[in-house]
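Engineer: Sequences listed follow chains A and B, in order.
The working numbering applies: residue 12 is where the first sequence begins, and numbers increase by one.
The working numbering applies: residue 509 is where the second sequence begins, and numbers increase by one.
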Amino acid sequence: MQLICIRSLYAGCGNLLGNIKMSEYKFSEDQEKEIARIFAKYPVKTSALLPSLTLVQRADQVVSPEAMVAIGKKLDVSPAYVQSVLSFYTMYHTEKVGKYMILFCINISCQLNGSDKLLEHTAKKLNIKVGETTFDEKFTLHREECLAACTEAPMMRVNDTYYGNLTEQRIDQIIDSLD
Amino acid sequence: MTQILFKDINKEGLHTMKVYEELGGYQSLKKAFAQKPDEIIAAVKASGLRGRGGAGFPTGLKWSFLAKDVFPRYLCCNADESEPGTCKDRELLLKNPHLLIEGMILCSYACQVETGYIYMRGEFHDLSVIMDKALEEAHAKGYLGKNILGTGFNLEIHTHLGAGAYICGEESALLNSLEGGRGEPRMKPPFPAVEGLYSKPTVINNVETLCVVPYIVNEGAEKYASFGTEKSKGTKLVSVSGHVKKPGNYEIEMGTPTSELIYNLAGGIRNDNKLKAFIPGGSSVPMLPADKVDTPYDYESLAAAGTMLGSGALIVIDDSVNIVETTLRLISFYMHESCGKCTPCREGTRWLYQIVERIMQNKGQLEYIEKLEDICGNMSFKAFCPLADACVAPVVSSIKHFRSDYEEYFKNVGVS
């Protein structure tokens, strides 16, 4: 009886797995060139893992399972290895985030300069909770640890840009100026 | 005040090869190439330069520990700059990338390295673009590449970006990350000088440390050693942040009183409040109360006062703050950044957080303080890397110096 159950379970899983279709990830021509340039920097291929993930995420805003498989293939490592490394680092996203990623520093120097209140203000302004993305997928707001701009505290990073010496007015201006 | 690293830091266009060379940049190379590599190591040893990243290990000694006759060797510049409170390297990378390249060339020549990496934190994407541009310029001038200035010495330097992990500032975690793995620290020994990147001998130095080397080669070890105190030589970049009127990066001679930094260079406490506490070397070192403010800012004096110089990040806290709040924020940081490899750190940081959080919710009891100290005792020196010790530092020092701040909460037990 047990045996039959296990067999049917297996069969079920088989069907399920069979139904998952994963399309193949295609690197653009520029990306291929960039990856070749990255490979040339290192004596071993795995060193290119972080830069390749960053490259993909900068293009797609997210690292999809398809991209993990494709990068694994390029680097001769399993998709599981790619995922295990990716999950260690906070800067990679496996779920879609907004066009503008707002990382709000709340570490000591910023805390001392009132970052908690300003973060609350920012969340209110965007009408979301910290950690969420706006409905129009324009902004994602995250609490962030020290970003090495402590002399400009309180500060935040929007995509690649650092904004320091924040006040409520300055935050409003910055958010309003992004389209 | 003596300015070595920040001498021309605000000069327009310093990040370009043209301006950097006009100001005497890359002059040290010819001087260095006329000497044997060992002579340069000896000069760095004689200068008394110590690592500026946090541990303060003598730089020349570190270089001389490289495993003999094992090649290739690697140089990694630690530009992860993730210690809360620290932002001195960012200023150097942003405004004076060529100084770092020059320092790296000298170090590579001295240590017979042919490949160097600059490991930057992932958030420094814009800085890596500036650095790549500077590397290109150095290549075009023949300061990098094959047969540099006709000496037969080859060197390539590459930038490498991390992806958001505090622990990658720890040297062995940095190596794992650079090899394309999770940034978990390695067991030591073997030390990186014997088995580092790709299991080869590796030198790892902080940005600031490498930036000092051109000065030592140009002006001589004696000149550099003439600044500072008997055991802490030279100058130090200090990031002053927190409750000061003029936060910023300042270059001081080692041994300058901390009060000079806070009240003179940084303009004093904001709103003319009273100083309550300061953390002299980044969030990982014990804090000190206001009465220690005259402690000279150098390795030995700070150690004698019960703390450390660390990465040179002076965080100033005024009397409007309850220290328990600040401590909880720091514990929360270490809890978030613990890589989870060692149990005392992974679980300990979480326990500390839960207990201090309960205290702040007015649910604490006096014996919680003993409990905190007990957990701290079981965390320090029990893990692969110093992250657990870093988390313990603010807890133990805040209890030692500001016990009354904790006791405030016990008065209100049951009041929510």
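Here a beta-carbon is modelled for each residue, glycine too, at the ideal position from N, C-alpha and C.
Since we're looking at a predicted model, the values are computed, not measured.
Taking Cβ-Cβ distances shorter than 7 Å, what residues in chain A pair up with residue 634 of chain B?
Structural biologist: 171
Engineer: To the nearest angstrom, how far is the alpha carbon of residue 509 of chain B from that of residue 836 of chain B?
Structural biologist: 37 Å
Engineer: Helix, strand or coil: how does DSSP classify residue 652 of chain B here?
Structural biologist: coil
Engineer: Could you work out which residues of chain E lie near residue 829 of chain B, taking near to mean beta carbons separated by less than 8 Å?
Structural biologist: This model lacks chain E altogether, as its protein chains are A and B.
Engineer: Sort B:879, B:913 and B:841 by Cα distance to residue 896 of chain B and report the nearest one.
Structural biologist: B:841
Engineer: Could one say the Cβ of residue 24 of chain A lies closer than 8 Å to chain B's Cβ atoms, at least one of them?
Structural biologist: Low confidence applies here, because residue 24 of chain A scores a pLDDT of 45, under 50, leaving its location unreliable and the question unanswered by this model.
Engineer: Check whether the region 576–592 of chain B touches the region 528–548 of chain B, counting contact only when three or more Cβ pairs, one atom from each stretch, lie closer than 8 Å.
Structural biologist: Using a Cβ-Cβ distance cut-off of 8 Å, the region 576–592 of chain B and the region 528–548 of chain B are not in contact, since fewer than three pairs of beta carbons, one from each stretch, lie closer than that value.
Engineer: Of all the CB atoms in chain A, is at least one closer than 8 Å to the CB of residue 590 of chain B?
Structural biologist: Interface residue, yes.
Engineer: Against chain A, does residue 622 of chain B count as a neighbour if the rule is that its beta carbon must be under 8 Å from one of theirs?
Structural biologist: Residue 622 of chain B has a beta carbon lying at 8 Å or more from every beta carbon in chain A.
Engineer: Near residue 903 of chain B, what residues of its chain come up, given a Cβ to Cβ distance below 7 Å and the 5 sequence neighbours on each side ignored?
Structural biologist: 835, 839, 860, 880 and 884
Engineer: Kindly indicate the opening and closing residues of the alpha helix (DSSP H) around residue 558 of chain B.
Structural biologist: Premise fails: residue 558 of chain B is in no alpha helix (DSSP H) and is neither H nor E.
Engineer: Select from B:743, B:571, B:632 and B:605 the residue whose C-alpha is nearest the C-alpha of residue 621 of chain B.
Structural biologist: With distances taken between CA atoms, residue 621 of chain B lies nearest to B:571 out of B:743, B:571, B:632 and B:605.
Engineer: If the cut is a Cβ gap below 7 Å, which residues of chain A does residue 595 of chain B touch?
Structural biologist: Within 7 Å Cβ-Cβ: 159, 160, 161 and 162.
Engineer: Who are the near neighbours of residue 910 of chain B in its chain, counting only those whose CB is closer than 6 Å to its CB and skipping five residues on each side?
Structural biologist: 831
Engineer: Give me whichever residues DSSP pairs with residue 714 of chain B in a beta bridge.
Structural biologist: DSSP lists B:586 as partners of residue 714 of chain B.
Engineer: Return the bridge partner residues of residue 173 of chain A from the DSSP annotation.
Structural biologist: In the DSSP assignment, the residues bridged to residue 173 of chain A are A:168.
Engineer: Based on the DSSP secondary-structure assignment, which residues constitute the bridge partners of residue 664 of chain B?
Structural biologist: B:623
Engineer: Quick check: what's the CA-CA separation for residue 875 of chain B versus residue 591 of chain B?
Structural biologist: 31 Å
Engineer: Counting beta carbon pairs with one atom in the region 708–720 of chain B and one in the region 558–578 of chain B, are three or more of them shorter than 8 Å?
Structural biologist: By the Cβ test, the region 558–578 of chain B is in contact with the region 708–720 of chain B, since at least three Cβ pairs between them sit closer than 8 Å.
Engineer: Starting from residue 161 of chain A, trace the alpha helix (DSSP H) in both directions and tell me its first and last residue.
Structural biologist: Unbroken run through residue 161 of chain A: none, as it is neither H nor E.
Engineer: Compare the C-beta of residue 860 of chain B against all C-beta atoms of chain A and say whether one is closer than 8 Å.
Structural biologist: no
Engineer: Closer than 8 Å, CB to CB, is residue 726 of chain B near chain A or not?
Structural biologist: no
Engineer: Can you tell me which of the three DSSP states residue 151 of chain A falls into?
Structural biologist: strand
Engineer: Can you find a C-beta in chain A that's less than 8 Å from the C-beta of residue 845 of chain B?
Structural biologist: yes
Engineer: Residue 746 of chain B lies in the beta strand (DSSP E); which residues open and close that run?
Structural biologist: 743–750
Engineer: Start and end of the alpha helix (DSSP H) containing residue 738 of chain B?
Structural biologist: Here residue 738 of chain B belongs to no alpha helix (DSSP H), and DSSP marks it neither H nor E.
Engineer: Is residue 890 of chain B near the ligand HEM - that is, is its Cβ less than 7 Å away from at least one heavy atom of it?
Structural biologist: For the structure depicted, the ligand HEM is absent and the ligand set is empty, with no information on it obtainable.
Engineer: Which of helix, strand or coil does DSSP assign to residue 468 of chain B?
Structural biologist: Only positions 509 to 924 of chain B appear in this structure, which leaves residue 468 of chain B out of reach.
Engineer: Taking the alpha-carbon positions, what's the residue 908 of chain B to residue 914 of chain B distance?
Structural biologist: Taking the straight line from one Cα to the other gives about 11 Å.
Engineer: Residues of chain B with CB under 7 Å from residue 6 of chain A, in chain order?
Structural biologist: Nothing can be reported for residue 6 of chain A: it is not among the residues displayed for chain A, which extend from 12 to 190.
Engineer: Sorted by chain position, which residues of the same chain lie with C-beta nearer than 6 Å to residue 647 of chain B's C-beta, five sequence neighbours on each side aside?
Structural biologist: 653
Engineer: Taking the alpha-carbon positions, what's the residue 147 of chain A to residue 735 of chain B distance?
Structural biologist: Distance between the alpha carbons of residue 147 of chain A and residue 735 of chain B: 58 Å.
Engineer: Residues of the region 77–99 of chain A in Cβ contact with chain B at a cutoff of 7 Å, in chain order, please.
Structural biologist: 95, 96 and 99
Engineer: For residue 783 of chain B versus residue 798 of chain B, is the C-beta spacing smaller than 8 Å?
Structural biologist: yes
Engineer: Check the Cβ of residue 65 of chain A against every Cβ in chain B and list those closer than 9 Å, keeping chain order.
Structural biologist: 630, 633, 669 and 671
Engineer: Mapping the DSSP letters down to three states, classify residue 617 of chain B as helix, strand or coil.
Structural biologist: helix
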